[in-house]
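There are 2 protein chains.
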Amino acid sequence: MERKRSDIIADELESLILDGSFADGERLDESQLAERFNVSRTPLREAFQRLALSGLAEQIPRRGVFVRQPGPVELIEMFEVMAALEALCGELAAARITDAALEDLRAANARCQQAVEARDTDAYYRENECFHGILYRQSGNGFLEQESRRLHRRLQPFRRLQLRVRGRLAQSMAEHEAIVDALEAGDAKAAAAALKSHVAVQGEKFHHLIASLRQAAE
Amino acid sequence: MERKRSDIIADELESLILDGSFADGERLDESQLAERFNVSRTPLREAFQRLALSGLAEQIPRRGVFVRQPGPVELIEMFEVMAALEALCGELAAARITDAALEDLRAANARCQQAVEARDTDAYYRENECFHGILYRQSGNGFLEQESRRLHRRLQPFRRLQLRVRGRLAQSMAEHEAIVDALEAGDAKAAAAALKSHVAVQGEKFHHLIASLRQAAE
DNA sequence: GTCAAGTTTTTTGTATACAAGAATTACAAT
DNA sequence: ATTGTAATTCTTGTATACAAAAAACTTGAC
């Protein structure tokens, strides 16, 4: 499937913004980026539209587009919403999940455990994503799955950062186990609660990390 | 604030799609619509991007854009997510809502009641929207507010349809009262539960309406 | 008559040209 | 020196021109 240049550029810019290659409030210069990507302004403008609509940039008419890095407050807000979405996924999945999917979850979890023991945060990160992806799918609600993936992707780089907090990996693993157990038991309430706190705690941990980094900088 | 032509067209097309002026799967012809709106293809293409990203249309590379009307299943899925978001709004608002906002909610509710008595579904619809808008705001979570508004807007036309079901207006009013009471009492759990069922029931009612309409058509 | 291959036509994607609005700078007046 | 204004420059928004790919049509063989 041949993709359009504008799509490729949108992905590229998205990654660059999420990686922090652009500072908050920085203006994205059309002609400059057009030269950099060796395309005309047209596909760039289409990419900008995508960024603006997914909240990564702000488009001010006749002024240009500016990257919008979420601040600590907005991040916590986003994690709060993510927690609610994942809780719903868990609640629905508890009643709908297949045995095969439960197996997959356990397998992903085992790989997670290996990553923790190997101190391989990259691997943990990958498997963690797999774990949550299965959950979204098993909610049996396509729209919910789609929205969850969208927000998950947006929070990706911050999740990663948050994993640096000491002891977080092991704690996260234990939470995963509790989630799978609740799903296996078909306990919707327990699954929802476990997921909600699992995600919400990430926002809090992130907050702590930010605060400590700021303190260290002074 | 001068808006761009592409924005105006996007809004226009959005309304047309939501109004049902375009059938599901219908192709949106660039040159045809360009002529209709008296603009070139460029702003139209930008409008298409917006439609595609908000889920109202599907953009297939090198093939064109096609309107995507959600089917009954997808609608119920969307209401399910909306219920979770509104429940979160209620949960947060229970702890954060101001006295002034509580007053506003009661006022909006009173106007709702008047509309019910006057059998004025349009007015009810308006006030209902106001009611929920206050709630989103009072969650104190800007991101949640934004996401709730987005989904609310998308479900707007279907909510309206659902209000036709006999007795729904009165029931909805009672639910509103319960929500405000829970908020006033600062009972987060009760507020969340009340909102969740208030919204979820809309999806179900809608399902019934669809089913009965289909039956009537045969 | 049907199916297939090749050609024409249509339509999308991209580049460039042009128009209009905003920012900046130069300059004059106080 | 500062402030207000006019002119210039720069940037965005829109139109048009061109390229490439897909759809539609024609023609020919079976």
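From first to last, the protein sequence lines stand for chains Y and X.
Just so it is clear: in the first sequence, position 189 is 186 by the numbering used here, and no numbers are missing.
Just so it is clear: in the second sequence, position 90 is 87 by the numbering used here, and no numbers are missing.
All C-beta atoms, glycine included, are put in the ideal place defined by N, C-alpha and C.
Every value quoted in this text rests on a predicted model; they were computed, and no experiment measured them.
Stretch-stretch touch, CB-based, cutoff 8 Å, three pairs: the region 72 to 87 of chain X with the region 193 to 205 of chain X: yes
Delimiting residues of the alpha helix (DSSP H) encompassing I5 of chain Y: 2 to 15
Outcome for N35 of chain Y when other beta-carbon atoms lying within 10 angstroms are tallied against a minimum of 16: exposed
Where Q46 of chain Y meets chain X, residues with beta-carbon distance less than 9 Å: S3, E43, Q46, R47, L50
N-terminal and C-terminal residue of the alpha helix (DSSP H) that R73 of chain X is part of: It should be noted that the sequence gives Ile, not Arg, for residue 73 of chain X. Unbroken alpha helix (DSSP H) run through I73 of chain X: 69 to 93.
Contacts that E144 of chain X makes with chain Y (C-beta to C-beta distance below 7 Å): V78
For A188 of chain X and P67 of chain X, the rounded distance between their alpha carbons: 29 Å
Terminal residues of the beta strand (DSSP E) in which V113 of chain Y lies: No beta strand (DSSP E) holds V113 of chain Y; the alpha helix (DSSP H) holding it covers 96 to 114.
Unbroken beta strand (DSSP E) run spanning A54 of chain Y, endpoints: 54 to 57
G139 of chain X: contacting residues in chain Y (beta-carbon distance under 9 Å): V70, E71, E74
Cβ shell of L30 of chain Y (< 7 Å), same chain only, five flanking positions each side left out: L41
Status (buried if at least 16 other CB within 10 Å, exposed otherwise) for G17 of chain Y: exposed
Proximity test, Cβ basis, 9 Å: A54 of chain X and chain Y: no
Minimum Cβ-Cβ distance from T95 of chain X to chain Y less than 9 Å: no
Same chain, Cβ closer than 6 Å to K193 of chain X, five either side skipped, listed in chain order: A80, A84
Residues that DSSP places opposite R24 of chain X in a beta bridge: X:F63
Given 8 Å, three or more beta-carbon pairs between the region 103 to 122 of chain Y and the region 162 to 179 of chain Y: yes
A81 of chain X: contacting residues in chain Y (beta-carbon distance under 9 Å): A81, L82, A84, L85, E88, L141
T118 of chain X at chain Y interface by Cβ criterion, 9 Å: no
Assigned exposure category for A171 of chain Y - 16 Cβ within 10 Å defines buried: exposed
Beta carbon of A185 of chain Y nearer than 9 Å to that of R134 of chain Y: no
Among Y:L53, Y:E43, Y:R0, Y:D4, the one whose alpha carbon lies nearest that of A20 of chain Y: Y:L53
Top-ranked residue by Cα proximity to S28 of chain Y, from Y:R163, Y:R116, Y:G61: Y:G61
Endpoints, the alpha helix (DSSP H) within which V177 of chain Y is located: 165 to 181
CB contact flag (S136 of chain Y, L72 of chain Y, <9 Å): no
Residues near I131 of chain X by beta carbon distance below 7 Å, same chain, minus five either side: A98, D101, L102, A105
Range covered by the alpha helix (DSSP H) that runs through L48 of chain Y: 38 to 50
Minimum Cβ-Cβ distance from R0 of chain X to chain Y less than 9 Å: yes
Euclidean distance between Cα positions of E55 of chain Y and V64 of chain Y: 6 Å
Close Cβ partners of L148 of chain Y (< 8 Å) along its chain, the five nearest in sequence each way excluded: M75, V78, M79, L82
Below-9 Å beta-carbon distance, P58 of chain X vs any chain Y residue: yes
N-terminal and C-terminal residue of the alpha helix (DSSP H) that G139 of chain X is part of: 139 to 159
Limits of the unbroken alpha helix (DSSP H) element including D117 of chain X: It is not in any alpha helix (DSSP H) - D117 of chain X carries neither H nor E in the DSSP assignment.
Cut-off 6 Å between Cβ atoms - residues of its own chain near G183 of chain X, not counting five sequence neighbours on either side: A91
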